[in-house]
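Following: one structure in structure tokens, then a few remarks.
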Amino acid sequence: MGMTEEGTVDPRVQRTRRDVVDAATELFTSEGWAAVTHAEVARRAGYSKATVYAHWPTRLDLVRASVGQICGTSEHPRPTGDLRADLITALLDFADDLSRGHLARVLGGVFERAGSDPAVDEMRGQLYAEGAGPLEAILGTHLPEEAVEPCVALLTGGVLVRVAMQASPATPEFIEDLVDRVLASARG
Numbered sequence: 001m002g003m004t005e006e007g008t009v010d011p012r013v014q015r016t017r018r019d020v021v022d023a024a025t026e027l028f029t030s031e032g033w034a035a036v037t038h039a040e041v042a043r044r045a046g047y048s049k050a051t052v053y054a055h056w057p058t059r060l061d062l063v064r065a066s067v068g069q070i071c072g073t074s075e076h077p078r079p080t081g082d083l084r085a086d087l088i089t090a091l092l093d094f095a096d097d098l099s100r101g102h103l104a105r106v107l108g109g110v111f112e113r114a115g116s117d118p119a120v121d122e123m124r125g126q127l128y129a130e131g132a133g134p135l136e137a138i139l140g141t142h143l144p145e146e147a148v149e150p151c152v153a154l155l156t157g158g159v160l161v162r163v164a165m166q167a168s169p170a171t172p173e174f175i176e177d178l179v180d181r182v183l184a185s186a187r188g
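Numbering (full-length UniProt numbering), first residue to last: 1 to 188.
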């Protein structure tokens, strides 16, 4: 379906898939999981519901495509080699994504449904790998391997709790203090 005689994907099918995933991702990040329906995605993308159902038979398929796009297009600050500065920059970026709401809505929808379907758990793992991977790489070049995972948990958890649970800003001062405390415990 959607293949040309040469065995490549028809450009019209590629355009349809791009438009639909773009619409689903915009809905997911702006309004949350519940807003991602076949009818609303079709309306926003400018296609029929039948077209959307043909490529994404379930809502979970639309959300999975959105998570794939979010992870595939996310950008992280480039490490400079300065452990403290790189961690602060990465965590400020994470805090900004949470503060703007789109990442909190994505994570909230996935957390709410965790354990309900292996595909949701796969998405949770994908989001964690995308978000934690850069921190793991930064820490892995400076700390013993056994210290990396606990440090990532403390750093990301501290920012997540501050922004999403306490509804307080993760200011540069807060993040600097968090980084200093985590690094002191890792080295101590």
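Cβ coordinates follow ideal geometry from the N, Cα and C atoms, glycine included.
Going by beta carbon distance, what residues of the same chain come within less than 6 Å of residue i, once the five residues before and after it are set aside?
{"i": "D93", "result": "P77"}
Mapping the DSSP letters down to three states, classify residue i as helix, strand or coil.
{"i": "S9", "result": "Note on identity: in this sequence residue 9 is Val, with Ser being the wrong assignment. Residue state, collapsed to three classes: strand."}
{"i": "L143", "result": "coil"}
{"i": "P172", "result": "helix"}
{"i": "A23", "result": "helix"}
{"i": "D117", "result": "coil"}
{"i": "V36", "result": "coil"}
Is it the case that the Cβ atoms of residue i and residue j are separated by a distance below 8 Å?
{"i": "H142", "j": "L83", "result": "yes"}
{"i": "V36", "j": "A54", "result": "no"}
{"i": "V152", "j": "E130", "result": "no"}
{"i": "Q106", "j": "R113", "result": "The sequence shown places Val at residue 106, not Gln. No, these two residues do not count as a Cβ contact at 8 Å."}
Give me, in chain order, the residues of the same chain whose beta-carbon lies closer than 8 Å to that of residue i; leave out the 5 immediate sequence neighbours on both sides.
{"i": "I88", "result": "P172, I175, E176 and V179"}
{"i": "T8", "result": "none"}
Do you know whose CA, among the options, lies nearest residue i's CA?
{"i": "L160", "options": "Q14, Y128 and R64", "result": "Y128"}
{"i": "G108", "options": "R12, T8 and G32", "result": "G32"}
{"i": "E122", "options": "V63, T29 and A95", "result": "V63"}
{"i": "T51", "options": "T16, V182 and G140", "result": "T16"}
Flag this pair as touching only if the stretch 38–51 and the stretch 7–22 have three or more C-beta atom pairs under 8 Å; answer yes or no. yes
The stretch 61–72 / the stretch 145–160 touching (three or more Cβ pairs under 8 Å): no
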